[in-house]
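Asker: What follows is a single structure, and I will ask about it in a moment.
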Amino acid sequence: MITIELNKRQEQILEIVKESGPITGEHIADKLNLTRATLRPDLAILTMAGFLDARPRVGYFYTGKSRTQLLSESLKKIKVEDYQSLPVVINESVSIYDAIVSMFLEDVGTLYVVDEDSLLVGVLSRKDLLRASIGKQDLNTVPVNIIMTRMPNITLCRKDDLLIDVAEKLIEKQIDSIPIVKDKGRGYEVTGRISKTTITKAFVSLMHTD
């Protein structure tokens with residue numbers, strides 16, 4: 007994570023290093039009429055954030071990276087497990103009516119359907135349930151496995167995947183969420199989910215990290 011908003015003193019330090027780098031911490035402190043100890047936290051923040059780099063017996067120098075570049079680098083380090091949320095799972099024998107109720111009560115856009123062994127067999131979207139409800143069939147008697155999207159036509163991700171890669175999958179496939187799965191040999195166990203809302207929250211959180 008990086009610091010997007012810098013305070014006035016940190017901005018001054020950046021300008022000094024841009025103009026005079028490489029420059030030691032002592033010389034930066036002298037230019038600002040401050041002690042080295044006072045500047046130490048600011049220098050640490052700027053270095054960890056990637057704005058500055060430091061070399062022993064040489065000093066600090068400006069990396070030349072913009073906030074946009076640093077943000078991009080930071081995004082490429084975030085993994086799915088850092089922002090995953092709980093999945094809403096239903097059994098494949100559940101009726102379409104009960105699935106609609108579950109989606110409404112849980113306030114989600116996607117339900118994950120599992121078999122008797124709790125392994126992923128399908129996905130139900132709002133569109134799937136809406137199409138089913140328009141017909142004349144009795145929603146209490148029709149199981150969700152009749153209308154769900156089945157394996158292997160389901161986009162999956164793992165907890166170690168990069169969040170930015172999953173975001174691209176959401177856009178490419180034009181879907182609301184992607185299940186996070188664990189390989190169980192005979193199939194996949196659903197351990198979490200990443201949704202468009204999750205991605206939005208992650209990016210907002212990143213922008214406000216300090």
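Whatever position you read off the sequence shown (first residue = 1), add 6 for the numbering used here.
Glycine is no exception: its CB is placed at the ideal position from the N, C-alpha and C atoms.
Could you tell me the distance, in whole angstroms, from the CA atom of glycine 128 to the CA atom of serine 201?
Answerer: Straight-line Cα distance between these residues: approximately 17 Å.
Asker: Could you please give the first and the last residue of the uninterrupted beta strand (DSSP E) stretch that includes aspartate 59?
Answerer: Unbroken beta strand (DSSP E) run through aspartate 59: 58-61.
Asker: Is it buried or exposed, isoleucine 8, if we count other Cβ atoms within 10 angstroms and call 16 or more buried?
Answerer: For isoleucine 8, the predicted model reports a pLDDT of 41, less than 50, meaning its position is unreliable; a value from the coordinates is still stated below. Buried: at least 16 other Cβ atoms inside 10 Å.
Asker: Classify leucine 45: buried if its beta carbon has 16 or more other beta carbons within 10 angstroms, exposed otherwise.
Answerer: Buried is the call here.
Asker: When the distance is taken between beta carbons, is glycine 115 closer than 8 Å to aspartate 59?
Answerer: For aspartate 59 and glycine 115, no; Cβs fall outside 8 Å.
Asker: Work out the CA separation of threonine 206 and aspartate 216 for me, nearest whole Å.
Answerer: Its pLDDT being 44, under 50, aspartate 216 is placed unreliably by the model, and nothing is read from it.
Asker: Considering Cα atoms alone, identify which of Gly198, Glu21, Leu92 is closest to phenylalanine 57.
Answerer: Closest by alpha carbon: Glu21.
Asker: Using only the alpha-carbon positions, how far apart do alanine 105 and isoleucine 152 sit?
Answerer: If I take the Cα positions, the gap works out to 12 Å.
Asker: Any idea if valine 210 is buried or exposed, counting beta-carbon neighbours within 10 angstroms, 16 or more meaning buried?
Answerer: Per the 10 Å Cβ criterion, exposed.
Asker: Is it true that the CB of serine 101 sits closer than 8 Å to the CB of asparagine 159?
Answerer: No.
Asker: Note down the Cα distance separating leucine 12 from glycine 70, rounded to an integer number of angstroms.
Answerer: Rounded to whole angstroms, leucine 12 to glycine 70 spans 16 Å at the Cα level.
Asker: Go to glycine 198, then tell me how far its alpha helix (DSSP H) extends in each direction, as first and last residue.
Answerer: No alpha helix (DSSP H) holds glycine 198; the beta strand (DSSP E) holding it covers 194-201.
Asker: Ignoring anything shorter than 4 residues or poking outside the region 137-184, list the alpha helix (DSSP H) runs there in chain order.
Answerer: List check, alpha helix (DSSP H) in window: 169-179.
Asker: Of all the alpha helix (DSSP H) runs that stay within the bounds of the region 74-128, which reach a length of 4 or more residues?
Answerer: Fully enclosed alpha helix (DSSP H) runs of 4 or longer: 102-112.
Asker: Return the residue from the list Lys82, Ala55, Thr197 that minimises the CA-CA distance to leucine 92.
Answerer: Nearest C-alpha to leucine 92: Thr197.
Asker: Excluding five sequence neighbours on each side, which residues of the same chain lie with their C-beta closer than 8 Å to the C-beta of glycine 31?
Answerer: Answer for glycine 31: Arg42, Leu45, Arg46, Leu49, Gly65, Tyr66, listed in chain order.
Asker: Less than 8 Å separating the beta-carbons of arginine 199 and proline 185?
Answerer: Yes, the pair counts as a contact, with Cβ atoms nearer than the cut-off.
Asker: With glycine 31 as the anchor, note down where its alpha helix (DSSP H) starts and where it stops.
Answerer: Where glycine 31 is concerned, the enclosing alpha helix (DSSP H) stretches over 31-38.
Asker: Answer yes or no: do glutamine 149 and glutamate 112 have a C-beta to C-beta separation smaller than 8 Å?
Answerer: Reading off the sequence, residue 149 comes out as proline, not glutamine. Cβ distance not < 8 Å, so proline 149 and glutamate 112 don't count as in contact.
Asker: Name the one or two DSSP bridge partners that glycine 65 has.
Answerer: According to DSSP, which records beta bridges pairwise, glycine 65 is partnered with Arg61.
Asker: Give me, in chain order, the residues of the same chain whose beta-carbon lies closer than 8 Å to that of valine 172; leave out the 5 immediate sequence neighbours on both sides.
Answerer: Contacts found: Val86, Cys163, Ile184, Ile200, Ile205.
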